[in-house]
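This report refers to the structure that appears directly beneath it.
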Amino acid sequence: MDTYTFCTALGKEEANRQLRIHYENWVTEKDIGALAAAGINSLRIPVGDWMFNPYEPFSGCTTGVAMRTTVSLTLHLKRLLFEHWPIRQAEWAGTFDVENHNYSSINYSNLNHSIVVVEAIINRYKGHKAVMEIEPVNEPWELTPIKVLKEYYWKSYKRVKALALLWKFIIHDSFRFGLAFWADFLRGCPDIALDTHIYQAWNSPGTIEDFFSNACQQKYVITKMEDAMMPVIVGEWSIGTDNCAMWLNGFNDNLPGFPKVQCHMVDCPINSTYLGDGFPGTPLDETKPIQGPYSTGMCEPSFGKCPVNSQSFFHQYDDAALTRALTLKKLNGVAVGHGWYFWNFKTEIHYKVEFFGLGSSGRIPQERVKVPQR
939 MDTYTFCTAL GKEEANRQLR IHYENWVTEK DIGALAAAGI NSLRIPVGDW
989 MFNPYEPFSG CTTGVAMRTT VSLTLHLKRL LFEHWPIRQA EWAGTFDVEN
1039 HNYSSINYSN LNHSIVVVEA IINRYKGHKA VMEIEPVNEP WELTPIKVLK
1089 EYYWKSYKRV KALALLWKFI IHDSFRFGLA FWADFLRGCP DIALDTHIYQ
1139 AWNSPGTIED FFSNACQQKY VITKMEDAMM PVIVGEWSIG TDNCAMWLNG
1189 FNDNLPGFPK VQCHMVDCPI NSTYLGDGFP GTPLDETKPI QGPYSTGMCE
1239 PSFGKCPVNS QSFFHQYDDA ALTRALTLKK LNGVAVGHGW YFWNFKTEIH
1289 YKVEFFGLGS SGRIPQERVK VPQR
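Numbering-wise (the numbering used here), the sequence shown opens with residue 939 and increments by one.
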């Protein structure tokens, strides 16, 4: 469920009420303090274009960002703001022709709107000591015309350097992490870095040795990119090895053909851990099967059970030990760059994509959580 659909379905007043409760309870000052205590020195915050250039059906969206930015300053954490859109990745740049597999038109109105939003974000936070970086769009689609994307990045970079000279400027690789795409881009420009997202959840099923090898290989790929062009940040990574995490690919949805393994089922949170009482659908009715809207793949709660990452696909007898081993190999890989951000800090039931869950169980040893200073 994306924010746009959520707000459209409920109306801006009810959506605003529910989202404010979510903002107040899901990311708390205590959470941010716990991250700082664990050695984390930078947080990556998604911000929507509608937050800084409001339009229907959104209303009152910046309160949560303001609170967390203030808390971060108190705890000496840096912030990276990155922009999200309420539309599919392919549609951000224009109209994509599925049959011909290319863009039939480029939406320069969207691109220019994004530049306006970037400028608004800079003007709002350029004097804030906790905000140090900006990424002008998160995960642009891999088929976005590279020339169009680079032009957007270049215009955004010039806005940043004109208005917030000391800020770092981060570009996402658009799932094209290779010298052929980025070797000469922004060459010689100061305060830049390339963001890449490294997941194994969408990998083809294989042996644990395959996943170990893939995790270890990342350090060589990252080092090669850093040596040839610019600093690299791993803006997202986790320990998930399959698509079983509920709603990973959307509300009551999954990608066609996924998940590709037998998922593990656990008790769902019957009472929400952050919404409070009186919300539709809470407490969860354990007597009901899968509820609509229906989609592809297994991703929905049923009879009080929720799918999470498989704990037996690799025929492991000790999933905790296997997860710790994979975590250490991944840390060795991502640590050679100029920083990393684990996705995500907290979930309700999915410990393999939860920093707190992995840390509290010893699967991310605190002595290994050392983010290189930029």
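Even glycine gets a Cβ: it sits at the ideal position worked out from N, Cα and C.
{"query": "Ignoring anything shorter than 3 residues or poking outside the region 1094–1173, list the beta strand (DSSP E) runs there in chain order.", "result": "1106–1110 and 1130–1136"}
{"query": "Nearest to residue 1087 by alpha carbon, out of 1062, 1123, 1058 and 1106?", "result": "1123"}
{"query": "For residue 1091 and residue 1072, which I take to be in contact (beta-carbon distance under 8 Å), what is that distance rounded to the nearest angstrom?", "result": "Contact doesn't hold; Cβ gap of about 11 Å is too wide."}
{"query": "Please classify residue 1261: does DSSP put it in a helix, a strand, or coil?", "result": "helix"}
{"query": "Which residues in the same chain as residue 1114 place their Cβ atom closer than 7 Å to its Cβ, once the five residues preceding and following it in sequence are excluded?", "result": "1080"}
{"query": "So what's residue 1177 in DSSP terms, helix, strand or just coil?", "result": "coil"}
{"query": "Return the first residue and the last residue of the alpha helix (DSSP H) that residue 1317 is part of.", "result": "Outside the shown range of the chain, which is 939 to 1312, sits residue 1317, and nothing can be said about it."}
{"query": "Suppose contacts are defined by Cβ-Cβ distances below 8 Å. Is residue 1199 in contact with residue 1233 by that definition?", "result": "no"}
{"query": "Would you call the CB atoms of residue 1316 and residue 1278 closer than 8 Å?", "result": "Here the chain covers residues 939 to 1312 and nothing more, so residue 1316 does not appear."}
{"query": "Please work out which residues of its chain come closer than 7 Å, Cβ to Cβ, to residue 1212, disregarding the five sequence neighbours upstream and downstream, and give them in chain order.", "result": "960, 963 and 964"}
{"query": "Run through the DSSP bridge pairs and tell me what residue 1202 is partnered with.", "result": "1246"}
{"query": "Between which two residues does the beta strand (DSSP E) harbouring residue 1299 extend?", "result": "Careful: residue 1299 lies outside any beta strand (DSSP E) and carries neither H nor E."}
{"query": "From this set, 1283, 1302 and 1256, which residue's C-alpha is nearest residue 980's C-alpha?", "result": "1283"}
{"query": "Where do the ends of the beta strand (DSSP E) carrying residue 1041 lie?", "result": "1040–1044"}
{"query": "Name, in chain order, the residues that DSSP records as bridge partners for residue 1252.", "result": "DSSP output for residue 1252 lists no bridge partner at all."}
{"query": "How long is the line joining the alpha carbons of residue 1170 and residue 1302, rounded to whole angstroms?", "result": "22 Å"}
{"query": "Taking Cβ to Cβ, would you say residue 1236 is nearer than 8 Å to residue 1201?", "result": "yes"}
{"query": "What does residue 983 pair with, by DSSP beta-bridge criteria?", "result": "1019"}
{"query": "Keeping to the same chain, check which residues put their C-beta closer than 8 Å to that of residue 1117; ignore five residues upstream and five downstream.", "result": "1162, 1163, 1166 and 1167"}
{"query": "How many Å lie between residue 1286 and residue 1207 at the Cα?", "result": "7 Å"}
{"query": "Do residue 1075 and residue 1052 have their beta-carbon atoms positioned less than 8 Å apart in this structure?", "result": "yes"}
{"query": "Residue 1177 and residue 1261: beta carbons closer than 8 Å?", "result": "yes"}
{"query": "Could you pull out every residue in the same chain whose Cβ sits closer than 8 Å to the Cβ of residue 1308, ignoring the five residues on either side in sequence?", "result": "Model confidence at residue 1308 stands at a pLDDT of 47, short of 50, so the residue's coordinates are unreliable; what they give is reported in the following sentence. So the qualifying residues of the chain are 977 and 1273."}
{"query": "Ends of the beta strand (DSSP E) at residue 1279?", "result": "1278–1280"}
{"query": "Check for me: the alpha helix (DSSP H) holding residue 1072 runs from which residue to which?", "result": "No alpha helix (DSSP H) contains residue 1072, which is instead part of the beta strand (DSSP E) from 1069–1073."}
{"query": "Have a look at the DSSP bridge pairing and note the partners of residue 1034.", "result": "1041"}
{"query": "Assess, as a yes-or-no matter, whether the region 1052–1066 is touched by the region 1137–1156 under the definition of 3 or more beta carbon pairs within less than 8 Å.", "result": "no"}
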